[in-house]
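One point on numbering: in our numbering, the residue at position 38 of the sequence shown is 60, and numbering is uninterrupted.
C-beta: ideal position from N, C-alpha, C; glycine also.
If you're wondering where the values come from, they're calculated on a predicted model, not measured in any experiment.
Right, one structure below, let's go through it.
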Amino acid sequence: MKTALTPQAQKSNSIRVLIVDDDRVMRRMFQIQIEKLGYQADLAVDGKEAINLLNGDKDAFDIVVLDRKMPEMDGLEVVARMKANVDLRKIPIIMATGSNKPEEIKQGIDAGVFYYLTKPIDQEVLKSVFISAVREVQTQTTLKRELKKHRTSFNLIHSATFYLKTITEAEDLAAFLANCYPDPERVITGLAELIINAIEHGNLGISYNEKTDLIERGIWREEIDRRAQMSEHKEKKIEVIFNHKDDGSCVQILDEGSGFEWRRYLDIDPARASHNHGRGIAQANAVSFDELRYNATGNQVTAIVRKDNELEW
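Here you go:
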């Protein structure tokens, strides 16, 4: 079918979205809302067409908006094929479903979908979830760019300790440390999420609800910078300790905060699947690392990548 842009079109600086839904009205609704936000939208009528478009140009699309139930190939099958393709597995997927049953949402989460919309689609929720996915794309782009700056003989590093304060330093350090792992692109986003989490929620004391509001108002980064200059936070640091052994690697991240209820965030709660944040720890746990270990209070986390299943720290 004809779309707003052909998949072979030259990719611009704008986010480009593939909308996959067998319902013409839903496709059009998503297209209108996404274009209102200033992004490009392409359309596919079912999962089979979506996979053909994605495979036709693996760099064409930044985000996929995907209906759960479709003829020919359903949404979960599309997700499975994307996750099995090294060139497509990092693309954020927003799944739309007519069911709000937690078990169905959990099926998608377990398959690797971290963004959910329940039909009928609330326009404000759509905007919130979409902006969160865009932030993930922008973070991945920044981290990959930094990753390329730090290519050197990282296999020579066996242990190192770092101290940092800012989000920029967190992103730089994540890119640096990622190169110490066999698969840098697997761990880089998880490293950044865990270190940034320690800064914003640990040292600076930004609560979950406060972050929701800050993102909605578009001032999250500004608030972090403001709090970092406050007298009670100005001297706080994050400590990051990296250790490598023959059988794997681990990084410990320690903040100066009072901790948090970390058990709630190791997995995505279906009730939070449409929130504009709150996925970072779960994604790090599910994708970037083999295991996350928090201390009891939650102000120290150890992230482990095993070479085999025998690694002990």
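Based on DSSP bridge pairs, tell me the residues matched to residue i.
i           : result
residue 363 : Because the chain spans 23 through 335 in this model, residue 363 falls outside it and cannot be assessed.
residue 63  : 39
residue 326 : 272 and 313
residue 260 : 186
residue 117 : 88 and 138
residue 267 : 270
residue 181 : 265
Between residue i and the rest of its own chain, which residues show a CB-CB distance below 6 Å, the 5 nearest in sequence each way excluded?
i           : result
residue 266 : 180
residue 128 : 292
residue 258 : 225 and 278
residue 315 : 324
residue 274 : 263 and 324
residue 133 : 98 and 101
residue 56  : 39 and 63
residue 289 : 304
residue 84  : 37, 38 and 159
Please report how far the alpha carbon of residue i lies from the alpha carbon of residue j, in whole angstroms.
i           : j           : result
residue 61  : residue 70  : 24 Å
residue 306 : residue 219 : 11 Å
residue 242 : residue 234 : 9 Å
residue 91  : residue 97  : 6 Å
residue 212 : residue 287 : 14 Å
residue 35  : residue 107 : Its pLDDT being 47, under 50, residue 35 is placed unreliably by the model, and the measurement read from it follows with that caveat. Roughly 24 Å separates the two Cα atoms.
residue 246 : residue 230 : 14 Å
residue 198 : residue 183 : 12 Å
residue 328 : residue 104 : 24 Å
residue 95  : residue 283 : 39 Å
So, under 8 Å CB-CB, residue i and residue j are touching, yes? Tell me the CB distance rounded to an integer number of Å.
i           : j           : result
residue 272 : residue 326 : 5 Å
residue 66  : residue 42  : 5 Å
residue 59  : residue 152 : 7 Å
residue 125 : residue 185 : Rounded, the Cβ-Cβ distance is 44 Å, inconsistent with contact.
residue 281 : residue 319 : 3 Å
residue 158 : residue 114 : 5 Å
residue 155 : residue 116 : 6 Å
Applying the 10 Å Cβ sphere with the 16-neighbour rule, what's the burial state of residue i?
i           : result
residue 204 : exposed
residue 251 : exposed
residue 137 : buried
residue 47  : exposed
residue 240 : exposed
residue 165 : buried
residue 160 : exposed
residue 335 : Residue confidence for residue 335 is low, a pLDDT of 39 falling below 50, so the modelled location carries little weight and cannot support an answer.
Between which residues of its own chain and residue i is the CB-CB distance below 8 Å, once the five residues before and five after are set aside?
i           : result
residue 249 : 226, 227, 228 and 255
With a CB to CB cut of under 7 Å and the five nearest residues on each side skipped, what residues in its chain are close to residue i?
i           : result
residue 302 : 215 and 219
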